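First the structure, in the form of structure tokens, and then the observations on it.
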Amino acid sequence: HARLKKNDEKEADVLYSAAIDKYTKAHALKPEDGYILCHWATTLQNQAAQKDGEEAKRIFQEAFTRFEESARLLPQDAFTARSWGDALHDCSKKLIQEAEDPLCPPSVRDLLIAEASTMLEQASQKFETALKLRPDYT
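All residue numbers in the sequence shown are consecutive under our numbering, ending with 254.
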């Protein structure tokens, strides 16, 4: 995702917040609806992709929690598995970008790369799950 200009970023934050508020309310009305959780998680993923550093990590973690809840309710849903894999992949890209910063200390760089590697392995597992559930899914 390309970085947004400051004004566009503020507008996007307002829209993401409004969408997240609606998903929160929808989830309160239908707590056993895994699709609400999955779409909520995807919205968080998209928001996190527009952020950097700790803020991005925090939002990605919230998305992963929603995906986990969705997968618990929809264990046979390929879309949830695929979407969770996409989020893990997006987060790993953010970690690698952070590690590539010339100002990043080598010890932190190593940790970021290790974390990104773990996330890529997890993403691969989610993609494999999605393909097992729906072999024609691309």
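Even for Gly, the Cβ is constructed at its ideal location relative to N, Cα and C. Bear in mind that the values here come from a model prediction, so they are computed numbers and not experimental data.
Can you give the beta carbon distance from residue i to residue j, rounded, assuming they're within the 8 Å contact cut?
i           : j             : result
alanine 157 : alanine 194   : At roughly 15 Å, the Cβ-Cβ gap does not stay under 8 Å, so alanine 157 and alanine 194 are not in contact.
leucine 160 : alanine 179   : 4 Å
leucine 249 : histidine 205 : Leucine 249 to histidine 205, Cβ: 18 Å. No contact.
For the candidate residues the options, whose alpha-carbon lies nearest to that of residue i?
i             : options                           : result
leucine 211   : Thr234, Phe243, Lys242 and Ser240 : Thr234
lysine 167    : Cys154, Lys209 and Tyr151         : Lys209
glutamate 214 : Asp202, Gly201 and Leu228         : Leu228
alanine 239   : Ala203, Asp149, Lys248 and Asp217 : Ala203
alanine 164   : Ile152, Ala142 and Asp129         : Asp129
arginine 260  : Ala232, Lys126, Phe176 and Cys154 : Here the chain comprises residues numbered 117 to 254, so residue 260 is not present and cannot be evaluated.
aspartate 217 : Gly169, Asn162 and Phe183         : Gly169
Just to confirm my understanding: we take residue i, look at its own chain, exclude 5 residues before and 5 after, and list those with CB closer than 6 Å. What are they?
i           : result
leucine 190 : Gly150 and Thr196
Take residue i and list the residues in its own chain whose beta-carbon comes closer than 7 Å to its own, dropping the five residues that flank it on each side.
i              : result
isoleucine 152 : Tyr139, Ala142, His143 and Lys146
Say the cut is 7 Å; is the CB of residue i nearer than that to a heavy atom of the ligand ZN?
i                 : result
phenylalanine 195 : Because no ligand of any kind appears in the structure shown, any question about the ligand ZN cannot be addressed here.
Secondary structure, alpha helix (DSSP H): runs of 4+ residues fully inside the region 119-161: 122-145
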